[in-house]
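Participant: The structure follows.
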Amino acid sequence: MTIFAKIIAREIPADIVYETDTVLAFRDIQPQAPVHVLVIPKKPVVSLDHARPEDAALMGELMLACGEVARQEGLDVGGYRVVTNIGNKGGQSVYHLHFHVLGGRQMSWPPG
Ligand code: 5GP
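In this note's numbering, the protein residues as written are 46 to 157.
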């Protein structure tokens, strides 16, 4: 069971900012920007690489939730970044799919 499954099950606390039947969003415990929210499916999909055609609707819901969270946090005016890390070389550390919604400062490119 990943740490995010425990957050979904309310076994450990999180600062939840958005929730639907299928999606949960909460603040990252180690924020990398003034706003740093993680948007995750309640279904335990390991990473984007593990999403399958039957997950298409859920993937759409996650993308829309990222936008919803960004608007809720006031990031839509100036812009923001959505990123997902996949596997070891992608820098993934929690093996439950999550999209980072980052904003409130100028983002640089390329990412590290
Ligand atoms: P990854 O490195 O897998 O792309 O991102 C995992 C993120 O989860 C990291 O930014 C990390 O700070 C965050 N994280 C890890 N454990 C917890 C936790 O227990 N609570 C919260 N809110 N975030 C966590």
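Heads up, the beta-carbon is just placed ideally off N, CA and C, and yes, glycines get one too.
Predicted model only: the values in this text are computed from it and were never measured.
Could you check whether Thr47 and His145 sit closer than 7 angstroms to each other, using their CB atoms as the reference points?
Facilitator: no
Participant: How many angstroms separate the CA atom of Thr129 from the CA atom of His143?
Facilitator: 6 angstroms
Participant: Looking at C-beta atoms only, is the number of pairs between the stretch 52-71 and the stretch 111-127 that lie closer than 8 angstroms three or more?
Facilitator: yes
Participant: Throw me the rounded Cβ distance for the Gln16 and Ser92 pair, which I believe falls under 8 angstroms.
Facilitator: Only positions 46 to 157 of the chain appear in this structure, which leaves residue 16 out of reach.
Participant: Please confirm whether any heavy atom of ligand 1 lies closer than 6 angstroms to the CB of Val139.
Facilitator: yes
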